[in-house]
Every structure is written in C-alpha cells, then in structure tokens.
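Chemist: The structure is given below, and queries will be raised subsequently.
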Amino acid sequence: MKRLLYILIALVCCGGIYGATQLFPKSNAIEKAESFFQKRDTVSALNTLEKAGEKGDIAACRYLFHYYDSVYGTPADAYIEVEEVITPDGDWIWYGEPDKKPEGARLPSEDEMSENITHEIVVQDTVTGKDIPIQWYWLRRAAQLGDAESQCEYGEVAQFALGTDSAMVWWEKSAMQNYPRGVLFYGNELYNQALDKKSQTIGLKAFQVLTKAFEYGKELPSAGWHLGLCYMNAVGTSVDYEKGIECLRQSAKYGYPEAIIEMSEIGLEDSSYWENIAKKQGLK
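So for the sequence shown, our numbering puts the first residue at -16; every next one is plus one.
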C-alpha cells in the first residue's frame, strides 16, 4: 500500500506534540502510543497508531496527521527532505553530512542515494498514482472513514494539490454532515461556479447552502458576506439589496474584514462607523 519511514526527531518526545493530543479521544491506541512517545520509542508509537488507523480508528488517523504536520509543516510539494530515518525494520540511515553521523546510524548506500526514495517522507497515493506527503495520507484516511472535519480539511488539501473539482467532492461530504466550515466552503465554491457558468440551478444550491452557513452565526463570520453577495448579485434568488446589506452588516459585526470594508464604502448611514472600525483594525 505504501512505503512508510519513521523519523527520529527529538521534539516529538517533548511537549510540542502533546498539546494537540487533547483534540483526540483517549483510545487504547493513542494511550499506548503516548506511552511509547514518553519512552522515546518513536518507531513503536507510530507503528501502533498506523495499525489502528488502517483498522478504521479515526482518532489515530487524525493524531498521525497532526503529528506529521507539526513536524514538517505544510509541504510545498510531495517531497520532504530529512537528515535521518528509521525504516520499519529498525534500520537507522543518516542522510545528513557524513561527519555528523550519530553513533549507531549508517550512511546510505549508492543505490539508496541514487533512487532518491528513502529520504522522502511520502506515501503512494493509490487514487492519483503519485506520491503525497504522509500527513495528507492520514488526513484523507480519516476523511474516507467519514470524519466530517477531516473531509473539510482534506478538501482544502485537494484544492491545492488536485484542483477545485476534487475539493468539492470532499466539501460536499462534509457539508452533508453539517460540519460548519464544510458547509461554508461548499456553498462559497457553488457561488463561484454559479457566476462562472451563469447557472441559476447551481446558484439556487449555493444560496441554500450559504443560507445554512449563515445560521451558524459567529461560528462562521464570513457566511453573511457570501450570502449577502447572493442577494446583491441575484445568485439563486432575486435581487434584494436590503437583505444583502443586512447580511453584510451581520458579517461585519462578527469581524469579517471584507464585510467591514464593504460596509464602510457602501454609502449608508452607518458607513462612517464602519470606516472608523476599518481604520482602527488597519484595514484602511
């Protein structure tokens, strides 16, 4: 299914990764993995989480996603260079400067260096046939298992790596489970598509989804901005500037920058108020 390499990085044994563990239910796999982390046994910890994730443990998948993301950050592409790796067989290979090789590690062979494989922390994506960063693999695994938050987040990844059409598949799944950001992202992209294709059929769906997003209130500050655009541009509904402005005003009250700027420039009685707010927040 994949080639997975375990990384010897000291920081995982420190407090950095443990702050994120509060996000997850304390499943047996996570408790066991944390015990291994505390003992500085990174290989056993990751192996425990991997086995659980492959068996359908969503919390383990999300733990692995956050773990690798905290170590590497958001990758620019699918290839991430590291100095040292431990293979699943326990082989410790040092790819850094030879004179800095730790005791117990070995330098890579010519074949390992020429293949340019072992030091790439990637997995084989069976969907695209390409290598993807390992954190993305575990995020998608959680999404495939039906986790609405992961579906929304993987939609963002898919948009970056595969395009908007792929992202929409995941955002729709997330929105159907009423995950707030999934609803917003799905509705916003439907709005964009309705404008691009000049389709009121798509526009009606966008309007319905963004109306739902608007009902989340402060949880989605930008939803009023997007719904207001539907009213003001007749996307999925008839033109209604009064309702549109009220949606924009609500979004501005929740602190959404674009709405604040728009309210300051729209020429209403309270535009001077929003002008002052925009200046105080450095938006103008």
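Note that CB positions come from ideal geometry on N, CA and C, so glycine has one too.
Using three-state DSSP, classify P58 as helix, strand or coil.
Modeler: Confidence is the limiting factor: at P58 the pLDDT is only 47, short of 50, which leaves the residue's position unreliable, though a coordinate-based value still follows. Three-state result, P58: coil.
Chemist: By the DSSP assignment, the beta strand (DSSP E) with I76 in it spans what residues?
Modeler: Residues 75 to 77.
Chemist: For my contact list, G207 and L231 are in at a C-beta cut-off of 8 angstroms; report their separation, rounded to the angstrom.
Modeler: 6 angstroms
Chemist: Between which two residues does the alpha helix (DSSP H) containing S157 stretch?
Modeler: 147 to 159
Chemist: If contact is defined by three or more beta carbon pairs under 8 angstroms, each pair taking one atom from either stretch, is the region 246 to 258 in contact with the region 210 to 222?
Modeler: no
Chemist: Can you list, in chain order, the residues of its chain whose CB lies under 6 angstroms from that of A150, leaving out five sequence neighbours each side?
Modeler: G138, A141, Q142
Chemist: Please report how far the alpha carbon of C(-3) lies from the alpha carbon of Q176, in whole angstroms.
Modeler: Confidence at C(-3) is low in this model, with a pLDDT of 36, below 50, so its placement is unreliable and the value that follows should be read with caution. Computed Cα separation, rounded: 46 angstroms.
Chemist: Are A12 and F20 closer than 8 angstroms when you measure CB to CB?
Modeler: no
Chemist: Give me the residue from I228, K263, Y174 with the minimum Cα distance to L187.
Modeler: Y174
Chemist: Count the other CB atoms within 10 Å of the CB of P58; is the residue buried (16 or more) or exposed (fewer)?
Modeler: Model confidence at P58 stands at a pLDDT of 47, short of 50, so the residue's coordinates are unreliable and nothing is read from them.
Chemist: Please classify G346 as buried or exposed, where buried requires at least 16 other C-beta atoms within 10 Å of its C-beta.
Modeler: Nothing about residue 346 can be read from this structure; the chain reaches only from -16 to 267.
Chemist: I'd like to know if the region 152 to 167 and the region 78 to 90 are in contact, where contact means that at least 3 CB-CB pairs between them fall below 8 angstroms.
Modeler: no
Chemist: Return the chain-ordered list of same chain residues with a C-beta closer than 7 angstroms to the C-beta of L266, the five sequence neighbours on each side being excluded.
Modeler: P240, I243, I244
Chemist: What's the gap between the Cα of K263 and the Cα of L128?
Modeler: For K263 and L128, the gap between their C-alpha atoms comes out near 45 angstroms.
Chemist: Specify the secondary structure class of P240 as computed by DSSP and reduced to three states.
Modeler: helix
Chemist: Using 10 angstroms around the beta-carbon of S18, count the other beta-carbons present and answer buried if the total reaches 16, otherwise exposed.
Modeler: Exposed: under 16 other Cβ atoms inside 10 Å.
Chemist: Could you pull out every residue in the same chain whose Cβ sits closer than 6 angstroms to the Cβ of Q134, ignoring the five residues on either side in sequence?
Modeler: A126, W153, K156, S157
Chemist: Starting from the C-beta of R123, find all residues in its chain whose C-beta is less than 6 angstroms away, skip the five residues before and the five after it, and write them out in chain order.
Modeler: Y137
Chemist: What residue range does the alpha helix (DSSP H) around E80 cover?
Modeler: E80 -> no alpha helix (DSSP H), and no H or E assigned at all.
Chemist: According to DSSP, is S255 part of a helix, a strand, or is it coil?
Modeler: helix
Chemist: Along the chain, where does the alpha helix (DSSP H) containing K38 start, and where does it finish?
Modeler: It is not in any alpha helix (DSSP H) - K38 carries neither H nor E in the DSSP assignment.
Chemist: For P204, does the count of other Cβ atoms within 10 angstroms reach 16, so buried, or fall short, so exposed?
Modeler: buried
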